[in-house]
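J.:
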Amino acid sequence: AIHDQAGTDVDKVNALLGLGDVSRAQRNYEDAEKLFNQALNLSARTDNDLGRANALRGLGDIHLAQLDYDQAEDSFSLASNLYERIGNDGGSADALLGLGHVYRAQTKWDEAEESFTRAQSIYAHIRNDVGRANALSGIGDVYHALSLYGDAERSYRQAYNLYARLGDDSGKANALVGLGEAYVAQIKYSDADMVFGLAQKIYTRIGNGPGRANVVRALDLLRRDQARSIGSGGGGGEPGGSDLHLPRPAKKSEGRCGSVRTDSRATRCRSRMVQVFKRPNRCGRRGGYG
Numbered sequence: 150a151i152h153d154q155a156g157t158d159v160d161k162v163n164a165l166l167g168l169g170d171v172s173r174a175q176r177n178y179e180d181a182e183k184l185f186n187q188a189l190n191l192s193a194r195t196d197n198d199l200g201r202a203n204a205l206r207g208l209g210d211i212h213l214a215q216l217d218y219d220q221a222e223d224s225f226s227l228a229s230n231l232y233e234r235i236g237n238d239g240g241s242a243d244a245l246l247g248l249g250h251v252y253r254a255q256t257k258w259d260e261a262e263e264s265f266t267r268a269q270s271i272y273a274h275i276r277n278d279v280g281r282a283n284a285l286s287g288i289g290d291v292y293h294a295l296s297l298y299g300d301a302e303r304s305y306r307q308a309y310n311l312y313a314r315l316g317d318d319s320g321k322a323n324a325l326v327g328l329g330e331a332y333v334a335q336i337k338y339s340d341a342d343m344v345f346g347l348a349q350k351i352y353t354r355i356g357n358g359p360g361r362a363n364v365v366r367a368l369d370l371l372r373r374d375q376a377r378s379i380g381s382g383g384g385g386g387e388p389g390g391s392d393l394h395l396p397r398p399a400k401k402s403e404g405r406c407g408s409v410r411t412d413s414r415a416t417r418c419r420s421r422m423v424q425v426f427k428r429p430n431r432c433g434r435r436g437g438y439g
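So this is what it looks like as structure tokens:
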């Protein structure tokens, strides 16, 4: 009878987690938070550490979506510790990915890099290519913010190739956007034009209207800056070669840690691109609970 009750409690927790995920996907965050808290409380009463970790991860997603970064950090950190204690590598990586997005949103670049890198390493070890691609995209965002554009390019390119292998068109388009932003920051206008164009085609094909609109606007801004650069005798950027699925730009003089030196035009263009692209956090749960 005790075993039957334990099984029933686990089923209740899993049902609450599933309902919480549905509410979260519908952006009904208030209901989702209530459901995850119910799952958390029941898991705690029944010593179900996996259920507690999953509920905390769900709460972390909710708090992140609501920009409550302190609560999100606490939830993901507690989830990560529980997953690590019970040896659930997939859950630990998912929680670290969430932490990376929390730190990135607060411009805590060192912490974000560490979290994304640890998540990427675990995903690679357990051969979770979806998670690995998401983590690499996060690493690319951090490197870009730190002006390490060569490193950002490599991360986005790796993410793109993984998304391509998985057939994830949305992931491919997002990685192309990141790569295009890195090219813009280095005044590689021709390369940026190329990858933004590819992203636009993908967004159009999959019916992502907002994504397509953002890229169209970015291309318009980019071409104005490119024309202005040519008119001032600065050149229009150099076209690149190819690297598996993506073009690799011509190599330029690199500074410390692989970051490419740029001039003030890149800074101005980058600030405008940031306003154009408001990419969603890539910490959505894949594959349910472990």
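For the sequence shown, the numbering used here gives the first residue as 150, with consecutive numbering after it.
Here a beta-carbon is modelled for each residue, glycine too, at the ideal position from N, C-alpha and C.
Quick caveat, the model's predicted, so the values are computed rather than measured.
Buried or exposed: where does Cys432 fall if 16 or more other Cβ atoms within 10 Å of its Cβ makes it buried?
T.: In this prediction, Cys432 scores a pLDDT of 43, lower than 50, which makes its location untrustworthy; no coordinate-derived value is stated.
J.: Using the C-alpha atoms, what's the distance from Ala244 back to Ala225?
T.: Residue 225 is actually Phe in this sequence, not Ala. The alpha-carbon atoms of Phe225 and Ala244 are separated by roughly 5 Å.
J.: What's the C-alpha gap between Ala242 and Ser264?
T.: Answer to the nearest angstrom: the Cα atoms are 9 Å apart.
J.: Just to confirm my understanding: we take Glu182, look at its own chain, exclude 5 residues before and 5 after, and list those with CB closer than 7 Å. What are they?
T.: Counting only Cβ-Cβ distances below 7 Å, and skipping sequence neighbours, we find Leu208, Ile211.
J.: Taking 8 Å as the limit between beta carbons, can you name the residues of its chain near Asn186, skipping five residues before and five after?
T.: Correct list, in chain order: Ala204, Leu208.
J.: If the criterion is Cβ atoms closer than 9 Å, does the pair Asn237 and Ala202 meet it?
T.: Result yes, Cβ atoms of Asn237 and Ala202 sit closer than 9 Å.
J.: Distance check for Ala282 and Thr157, CA to CA, integer angstroms please.
T.: If you take the alpha carbons of Thr157 and Ala282, they lie about 36 Å apart.
J.: How would you write the range of the alpha helix (DSSP H) that Asn283 sits in, first residue to last?
T.: It spans 278-294 - the alpha helix (DSSP H) in which Asn283 sits, taken as one unbroken run.
J.: Given a threshold of 16 other Cβ atoms within 10 Å of its Cβ, counted over all protein chains shown, does Glu302 qualify as buried or as exposed?
T.: Buried, since its Cβ has 16 or more Cβ neighbours within 10 Å.
J.: Please report the residue range of the alpha helix (DSSP H) in which Gln215 lies.
T.: Per DSSP, Gln215 belongs to no alpha helix (DSSP H) and is neither H nor E.
J.: Val326 and Ala294 - do their beta-carbons sit closer together than 9 Å?
T.: The answer is no: Cβ separation not under 9 Å.
J.: So, are the CB atoms of His250 and Leu213 less than 9 Å apart?
T.: Contact flag set, yes.
J.: Which runs of the beta strand (DSSP E) at least 3 residues long sit entirely within the region 297-346? Give them in chain order.
T.: Qualifying beta strand (DSSP E) stretches: none in this window.
J.: CB-CB under 6 Å to Leu165, same chain, minus the five flanking residues each way: which ones, in chain order?
T.: Cβ within range, chain order: Leu184, Gln187, Ala188.
J.: Taking the beta carbon of Gly356 as the centre, do at least 16 other beta carbons fall within 10 Å, making it buried, or is it exposed?
T.: Exposed is the call here.
J.: Put Lys257 into one of helix, strand or coil per three-state DSSP.
T.: Coil.
J.: Span of the alpha helix (DSSP H) holding Arg194?
T.: Its alpha helix (DSSP H) spans residues 178-194.
J.: Note down, in chain order, each residue of its chain lying with its Cβ closer than 6 Å to the Cβ of Leu168, except the 5 sequence neighbours on either side.
T.: Closer than 6 Å at Cβ, skipping near neighbours: Leu184.
J.: By Cβ distance below 6 Å, which residues in the same chain neighbour Gln220 in space, the five residues on each side in sequence not counted?
T.: The residues are His212.
J.: Is DSSP giving Gly356 helix, strand or coil here?
T.: Correct three-state label for Gly356: coil.
J.: For Asn163, name the three-state secondary structure that DSSP assigns.
T.: Asn163 falls in the helix class under three-state DSSP.
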